[in-house]
Amino acid sequence: MEATGTPVVFSDIVRAWQKISPFVHQTPVLTSSQADEKTGRKLFFKCENQQKTGSFKARGALNAVLQAQERSDNVVGFATHSSGNHGQALSWASKVAGFPCYVVVPETAPEVKKRAIKAYGGQLVECGPNLQD
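Residue numbers (UniProt numbering): 1 to 133.
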């Protein structure tokens with residue numbers, strides 16, 4: 001697959017951080033001397049499991065929603081297909097920005113994921129267990 005669009009530069013990352021930082025947690029970065037010893041490297045562990053919705057995906061989803069809002073006055077909501085973290089993140093991000101979100105979820109997705117999507121404001125649309133359904 002060929003890459004499209006413009007390359008991401010550091011100023012893009014700074015702009016994204018400025019937009020999303022009022023809404024996301026500043027999660028800790030941990031280290032482990034034992035892991036450093038075993039690998040011969042200094043390792044850092046970013047605890048994004050402590051982020052909104054339980055994963056790093058909240059950051060990207062919120063940035064995408066806010067960018068769409070900036071680029072067009074015609075945004076009326078968001079939709080995605082997900083069986084988990086992305087659906088939760090987009091539901092949360094849409095709610096933060098005041099938009100509805102529709103998440104197409106395989107009927108076989110874990111109930112805990114479905115409940116979380118709903119809890120973050122997403123409208124659930126169930127589908128068959130594979131993309132052909």
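Built from N, CA and C at the ideal position, the CB exists for glycine as well. Here the structure is a predicted model, which is why all the values come from computation and not from measurement.
- Query: Considering only C-alpha positions, which residue in the set Ile-117, Gln-18, Pro-7 and Cys-47 is nearest to Thr-80?
  - Reply: Considering only alpha carbons, the answer is Ile-117.
- Can you tell which of Ser-91, Gln-51 and Lys-95 has the C-alpha that lies nearest to the C-alpha of Val-125? Looking at Ser-91, Gln-51 and Lys-95, the one whose alpha-carbon comes closest to that of Val-125 is Ser-91.
- Task: Quick one: residues in its chain with C-beta nearer than 7 angstroms to the C-beta of Thr-108, no 5 flanking neighbours on either side, listed in chain order?
- Result: Pro-129.
- Which residues bound the beta strand (DSSP E) around His-86? Not the beta strand (DSSP E): His-86 falls in the alpha helix (DSSP H), residues 85-97.
- Message: Per DSSP, what are the beta-bridge partners of His-81 in this structure?
- Response: Val-104
- Task: Have a look at Ala-89 and Gln-26 and give me their C-alpha separation to the nearest angstrom.
- Result: Inter-residue distance for Ala-89 and Gln-26 is about 16 angstroms (C-alpha atoms, whole angstroms).
- Hey, how far is the Cα of Asp-36 from the Cα of Ser-72? 47 angstroms
- If we call anything under 9 angstroms between Cβ atoms a contact, is Val-65 one with Val-14? no
- Message: Between the alpha carbons of Cys-47 and Thr-6, how many angstroms are there, rounded?
- Response: A direct Cα-Cα distance of roughly 29 angstroms separates Cys-47 from Thr-6.
- Measure how close the beta-carbons of Tyr-120 and Thr-53 come, nearest whole angstrom, since I'm counting them as under 8 angstroms. Going by Cβ atoms, the distance from Tyr-120 to Thr-53 rounds to 7 angstroms, so yes, they are a contact pair.
- Item | Contacting residues, own chain, Cβ-Cβ under 6 angstroms from Pro-110 (five flanking each side not counted) | none
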